[in-house]
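Written below as structure tokens is the structure these notes are about.
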Amino acid sequence: MPCSPSKPNIEPEDQPLSFRLQKWLGNEWVDELHLCAIYRDGIYYECRGPLFFRYDTFHERMGPIVYTGLRFGKYTFDNLSSREPLRIGLKLSASFSFNLKSIERKIAGVLINLSDELMCSLVEGEIVRWLRPQIAQFSNQQIRRGEIFELVGSAVLARLNGEPDLSRLGITVGKIQIEEPLLPEELEKGFVQAARRDIDVQSLQNWEDSEFARHLAVILAEKSSGEQYLNAADMFAALRETAPVPRVTRVIDSQPEFPPVAPSTAPPPAASNASGAKPAAGDTPPAETKKTDEQDESFFA
Numbered sequence: 573m574p575c576s577p578s579k580p581n582i583e584p585e586d587q588p589l590s591f592r593l594q595k596w597l598g599n600e601w602v603d604e605l606h607l608c609a610i611y612r613d614g615i616y617y618e619c620r621g622p623l624f625f626r627y628d629t630f631h632e633r634m635g636p637i638v639y640t641g642l643r644f645g646k647y648t649f650d651n652l653s654s655r656e657p658l659r660i661g662l663k664l665s666a667s668f669s670f671n672l673k674s675i676e677r678k679i680a681g682v683l684i685n686l687s688d689e690l691m692c693s694l695v696e697g698e699i700v701r702w703l704r705p706q707i708a709q710f711s712n713q714q715i716r717r718g719e720i721f722e723l724v725g726s727a728v729l730a731r732l733n734g735e736p737d738l739s740r741l742g743i744t745v746g747k748i749q750i751e752e753p754l755l756p757e758e759l760e761k762g763f764v765q766a767a768r769r770d771i772d773v774q775s776l777q778n779w780e781d782s783e784f785a786r787h788l789a790v791i792l793a794e795k796s797s798g799e800q801y802l803n804a805a806d807m808f809a810a811l812r813e814t815a816p817v818p819r820v821t822r823v824i825d826s827q828p829e830f831p832p833v834a835p836s837t838a839p840p841p842a843a844s845n846a847s848g849a850k851p852a853a854g855d856t857p858p859a860e861t862k863k864t865d866e867q868d869e870s871f872f873a
């Protein structure tokens with residue numbers, strides 16, 4: 573928990589005549605960012621300053637000079653819970669000031685002897701008190717991206733300055749800035765792998781199939797050490813099992829095929845009429861009679 577040290581009270585090098593006259597009259601001086609604690613009869617009485625002040629040398633004495641300007645502390649919180657059941661951490665910095673004139677005498681008598689580290693510890697305890705419920709409202713992804721840091725810092729600052737705990741101690745927090753999250757190593761690796769997958773998918777969408785196959789073949793050839801990556805027989809067997817059943821398509825000839833005509837079983841038509849008239853349209857002509865050998869022989873007898 574690094575904490576900025578208090579600035580010392582340094583008198584100006586170029587002292588005007590009025591400054592030297594005040595010092596000659598026995599007045600004490602502190603700059604605008606310091607106050608001087610005054611003890612009366614061995615008990616803290618009040619603080620005086622800034623600039624010139626006097627005190628009773630018979631009953632009073634000067635105590636420590638207290639820095640009232642801005643102090644800066646850097647804090648690391650390792651045991652915070654997000655919306656998911658996972659412990660995370662945060663690094664943040666805060667600025668605060670300490671004013672002795674705004675607090676009770678008994679409390680001020682204790683606080684003027686605290687070191688800078690103890691003052692930062694007081695602020696740290698109050699920050700983590702209000703930081704826990706704020707972080708528990710957000711997911712790990714939101715915390716990792718840092719999109720809620722400003723919102724959380726403003727909410728914690730409003731709660732700190734609105735509660736009487738720090739104001740009773742004379743402490744006013746000026747600003748809270750969350751610097752970076754501290755995520756577990758496993759979670760960080762998961763985010764990195766997911767980001768790489770997204771980048772790979774986006775880059776592969778612009779590739780042609782032939783280009784992708786060529787790059788894949790080159791990578792396999794470069795990383796191959798002689799072992800067999802795939803068995804061809806197993807590959808064909810798997811393809812046969814997963815391949816869909818082909819549909820049989822029948823090709824029909826352009827000319828239709830007609831079934832053969834069965835022979836007619838009707839009786840033969842009658843002989844031609846003796847009148848020698850032509851048959852009417854649609855009538856079947858008489859069949860030609862074949863002469864036998866006996867008829868031919870009787871003709872020549």
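Using our numbering, you'd call the opening residue of the sequence shown number 573 and step up by one each time. Every residue, glycine too, gets a C-beta built ideally from N, C-alpha and C.
A straight line joining the alpha-carbon of K747 with that of E735 spans about 16 Å. In this chain, the alpha helix (DSSP H) harbouring G725 covers 721-734.
Of the residues G742, C619, D628, T629, the one whose Cα lies closest to the Cα of V695 is G742.
Nearest neighbour of P622 by Cα position, chosen from I699, E752, K673, Q749, turns out to be K673. Relative to the Cα of D650, the nearest Cα in the group V700, T629, F625, R592 belongs to V700.
Residue pairing for S653: DSSP places it in a beta bridge opposite R659. R626 and R620 have their C-alpha atoms some 8 Å from each other. Here DSSP, grouped into helix, strand and coil, assigns A666 to strand.
With contacts defined as CB atoms closer than 7 Å, A609 and P580 fail to qualify as a contacting pair.
If you ignore the 5 residues before and after S711, its C-beta comes within less than 7 Å of the C-beta of S654, R655, E656, all in its own chain and listed in chain order.
For G614, there is no enclosing alpha helix (DSSP H), as DSSP gives it neither H nor E. The C-beta of A809 has fewer than 16 other C-beta atoms within 10 Å across all chains shown, which makes the residue exposed.
In the structure shown, A708 falls within a coil segment according to DSSP collapsed to helix, strand and coil. The segment 573-613 contains, as complete beta strand (DSSP E) runs of 3+ residues, the segments 600-602, 606-612 (chain order). By the Cβ criterion, the segment 638-652 is in contact with the segment 669-687, since at least three pairs of Cβ atoms, one from each stretch, lie closer than 8 Å. Its Cα nearest to that of S590, the residue F624 stands out among P705, F624, E698. In this structure, the straight-line span from the alpha carbon of V602 to that of D586 is close to 15 Å.
Per DSSP, G635 is not a residue of any alpha helix (DSSP H); the beta strand (DSSP E) it occupies stretches across 632-639.
Proximity to E604 across K663, I582, R740 peaks at I582, based on C-alpha coordinates. The Cβ atoms of R633 and Y611 sit closer than 7 Å to each other. Minimum Cα-Cα distance from L754 among the listed residues M691, G598, R716, K678 corresponds to R716. Within a 10 Å sphere around the beta-carbon of V728 sit 16 or more other beta-carbons, which makes this residue buried. Around the beta carbon of G614, a 10 Å sphere encloses fewer than 16 other beta carbons of the protein chains shown; the residue is thus reported as exposed. Proximity to C575 across H631, D806, A666 peaks at A666, based on C-alpha coordinates. The beta carbon of R659 sits closer than 8 Å to those of D650, N651, L652, S653, P756, all from its chain and outside the five residues before and after it, given in chain order.
In this chain, G681 is not harboured by any beta strand (DSSP E); it is covered by the alpha helix (DSSP H) spanning 677-683. With respect to L738, E698 sits close: the two C-beta atoms are nearer than 7 Å.
Sequence-distant partners of Q709 (beyond 5 residues in either direction) whose C-beta falls short of 8 Å from its own C-beta, in its chain, are R655.
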